[in-house]
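J.:
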Amino acid sequence: MVYKAEYLWLDGTTPSAQIRSKTKVIADGEAPPIWGFDGSSTQQAAGESSDVVLNPVLTVPDPIRGGNNVIVMNETLLPDMSPHPTNTRAACAAAAEKFSSFDTWFGIEQEYTFFQGRDPLGWPEDGFPAPQGDYYCAVGSENIFGRDIVEEHMDACIAAGLTIAGINAEVMPGQWEYQIGPVGAPQVADELWIGRWLLARIAENYGVTVSLDAKPVKGDWNGAGCHTNFSTKQMRENYAACEAAAEALGANAAEHIANYGAGIEDRLTGQHETASYKDFSYGVSDRGASIRIPWQVARDQKGYIEDRRPNANMDPYLVTRLVIDTVCGAASK
Ligand code: ADP
Ligand code: MN
Ligand code: MN
Ligand code: MN
Numbered sequence: 057m058v059y060k061a062e063y064l065w066l067d068g069t070t071p072s073a074q075i076r077s078k079t080k081v082i083a084d085g086e087a088p089p090i091w092g093f094d095g096s097s098t099q100q101a102a103g104e105s106s107d108v109v110l111n112p113v114l115t116v117p118d119p120i121r122g123g124n125n126v127i128v129m130n131e132t133l134l135p136d137m138s139p140h141p142t143n144t145r146a147a148c149a150a151a152a153e154k155f156s157s158f159d160t161w162f163g164i165e166q167e168y169t170f171f172q173g174r175d176p177l178g179w180p181e182d183g184f185p186a187p188q189g190d191y192y193c194a195v196g197s198e199n200i201f202g203r204d205i206v207e208e209h210m211d212a213c214i215a216a217g218l219t220i221a222g223i224n225a226e227v228m229p230g231q232w233e234y235q236i237g238p239v240g241a242p243q244v245a246d247e248l249w250i251g252r253w254l255l256a257r258i259a260e261n262y263g264v265t266v267s268l269d270a271k272p273v274k275g276d277w278n279g280a281g282c283h284t285n286f287s288t289k290q291m292r293e294n295y296a297a298c299e300a301a302a303e304a305l306g307a308n309a310a311e312h313i314a315n316y317g318a319g320i321e322d323r324l325t326g327q328h329e330t331a332s333y334k335d336f337s338y339g340v341s342d343r344g345a346s347i348r349i350p351w352q353v354a355r356d357q358k359g360y361i362e363d364r365r366p367n368a369n370m371d372p373y374l375v376t377r378l379v380i381d382t383v384c385g386a387a388s389k
């Protein structure tokens, strides 16, 4: 007999990589092997030397197809087996390895917006819904749009064995969030991407699309972020290490902003629970700061901090790599 393996990888689309997939039928008892694809169709190669290698990094049960079928997350390699230029995972894995004694954990809050046609799901055909205020964590069909998809996605993430921590409806109607973690890098990013793929795949069945746009509706509507909560072993034991991590991020703010997702200037305006991309700040319970220290962390004098700046469309390999390099690098000095 055989099983089906859905191979996922990140393409070369700029400014934000997109997820692609195709299916390999494999004999029972054989592990998913190294495979390949036509990089000239994904902005990853020229036509005359088009082969890009798929190297499996994480295999999980496939909750869509069920049975013994699997989903396989891959990194992309060149034919000489070095990382492809669009492969941001390799550097993330190297940073995690270099600073492995820090035992860094990440919990990433993926916000996203459902669309049907040109408008967010549930928006009136003409004009706008009532202003924000009643939608966040609401119940009732006047305020909630797409819950069946969200529930099906959460069940799929659980069945796939992802470390999904929860879901919630967001401040803008049609906008939702799921959280992955806490788990180390690069696995947290592998899981976040499988979660993104499952979401878009399940929404297909409803005729709905998923947007990771950081500011899907201009004006007085919340953008979509990817708050990145993280801790090192030191931070989980001592509050001074939490403050030192926030200070280190402040000292390297420009490099982080430049790599936290396309269109970040449109989202980090200083309005709508954000700090301006031009400023850096951190504070306890402060959702208008770049970095929030949760109140329980200040009370317990240990724990983790939340980097509120990354966009919904960020590359989690790049963001976790930068956080590790900045925070662990500063703590090693
Ligand atoms: P918010 O109040 O900002 O909406 P969420 O509950 O959505 O917070 O997300 C918090 C995230 O922080 C979760 O994904 C959780 O797994 C993660 N988290 C909790 N403790 C830690 C820790 N010590 N290190 C890293 N992440 C953590
Ligand atoms: Mn959240
Ligand atoms: Mn949120
Ligand atoms: Mn948050």
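Per the numbering used here: the sequence shown ends with 389, consecutive numbering throughout.
All C-beta atoms in this analysis are idealised placements derived from N, C-alpha and C, irrespective of residue type, glycine included.
(1) Would you kindly report the start and end of the unbroken beta strand (DSSP E) that includes Tyr59?
(2) Tell me the DSSP bridge mates of Lys78?
(3) Report buried or exposed for Arg145, applying the criterion of at least 16 other Cβ atoms within 10 angstroms of its Cβ.
(4) Would you be able to state if there are at least three C-beta pairs under 8 Å between the region 263-274 and the region 307-314?
(5) Compute the minimum distance between the beta carbon of Glu167 and the heavy atoms of ligand 3, and state whether it is under 6 Å.
(6) What does a CB cutoff of less than 7 Å around Ala147 pick up in its chain, not counting 5 residues either side in sequence?
(7) Closer than 6 Å: is that where the CB of Glu233 sits relative to any heavy atom of ligand 3?
(8) What do you reckon, is the C-beta of Ser287 under 6 Å from a heavy atom of ligand 1?
(9) Alpha helix (DSSP H) containing Asp107: first to last residue?
(10) According to DSSP, simplified to helix, strand and coil, what is Glu165?
(11) The beta strand (DSSP E) that contains Tyr234, what's its start and end?
(12) When burial is assigned at 16 or more other CB atoms within 10 Å of the CB, is Ala307 buried or exposed?
(13) Is there contact here, the region 361-376 with the region 272-283, by at least three beta-carbon pairs under 8 Å?
(14) Straight-line CA distance for Glu207 to Val375?
(15) Starting from the Cα of Asp94, find the closest Cα among Asp190, Arg252, Ala215, Asp67 and give me that residue.
(16) Let me know the secondary structure DSSP gives Met129 once reduced to three states.
(17) Quick check: the Cα distance between Thr79 and Arg323, rounded to an integer number of angstroms?
(18) Let's test the definition: count the other Cβ atoms within 10 Å of the Cβ of Gln100 and tell me whether it reaches 16, buried, or not, exposed.
(19) Cβ of Trp65 versus every heavy atom of ligand 1: is any distance shorter than 6 Å?
(20) Based on the DSSP secondary-structure assignment, which residues constitute the bridge partners of Gln172?
(21) Quick check on Ile214: buried or exposed, where buried means 16 or more other Cβ atoms within 10 Å of its Cβ?
(22) Assuming contact is defined by CB atoms lying nearer than 7 Å, are Ile347 and Ala302 in contact in what I supplied?
(23) Cutting at 8 Å between CB atoms, please list the residues of its own chain near Tyr192, excluding the five before and the five after it.
(24) If you compare alpha carbons, which of Phe162, Gly163, Gly196 is closest to Gly178?
(25) Alpha carbon to alpha carbon, how far is His140 from Arg76? Give it in angstroms, no decimals.
(26) With Thr265 as the anchor, note down where its alpha helix (DSSP H) starts and where it stops.
(27) Per DSSP, which residues does Ala225 bridge with? Please list them.
(28) Under three-state DSSP, which class holds Trp277?
(29) Express the C-alpha separation of Ile258 and Thr330 in angstroms, rounding to a whole number.
(30) Considering only heavy atoms of ligand 4, does any lie closer than 6 Å to the CB of His283?
(31) Chain B beta carbons: is any one of them nearer than 7 Å to that of Ala147?
(32) Over the uninterrupted beta strand (DSSP E) stretch that includes Asp322, give me the two end residues.
(33) Does the Cβ-Cβ distance between Glu362 and Asn285 come in under 7 Å?
(34) Could you check which residue in Trp232, Gln243, Pro71, Leu254 has the C-alpha nearest to that of Arg121?
(35) Mind checking whether Pro112 and Val128 have CB atoms under 7 Å apart?
(36) Can you grab the Cα-Cα spacing for the pair Val81 / Pro88, in whole Å?
T.: On the basis of the coordinates in this document:
(1) 58-66
(2) Tyr63
(3) With 16 or more other CB atoms across the displayed protein chains lying within 10 angstroms of its CB, Arg145 is buried.
(4) no
(5) Yes, Cβ of Glu167 sits closer than 6 Å to a heavy atom of ligand 3.
(6) Arg377
(7) yes
(8) Yes.
(9) Where Asp107 is concerned, there is no enclosing alpha helix (DSSP H), although the beta strand (DSSP E) it sits in stretches over 107-117.
(10) Taken through DSSP and simplified to helix, strand or coil, Glu165 comes out as strand.
(11) 231-239
(12) By the neighbour-count criterion, in which 16 or more other beta carbons inside 10 Å mark a residue as buried, Ala307 falls on the exposed side.
(13) yes
(14) 27 Å
(15) Asp67
(16) strand
(17) 36 Å
(18) With a threshold of 16 other beta carbon atoms within 10 Å, Gln100 meets it and is buried.
(19) no
(20) Asp175
(21) With fewer than 16 other Cβ atoms within 10 Å, it is exposed.
(22) yes
(23) Asn224, Ala225, Glu226, Val227
(24) Gly196
(25) 16 Å
(26) In this chain, Thr265 is not harboured by any alpha helix (DSSP H); it is covered by the beta strand (DSSP E) spanning 265-267.
(27) Listed as beta-bridge partners of Ala225 by DSSP are Trp232.
(28) coil
(29) 30 Å
(30) yes
(31) Of the protein chains in the structure, only one exists, and it is not chain B.
(32) No beta strand (DSSP E) holds Asp322; the alpha helix (DSSP H) holding it covers 320-323.
(33) yes
(34) Leu254
(35) Between Pro112 and Val128, the CB-CB gap stays under 7 Å.
(36) 9 Å
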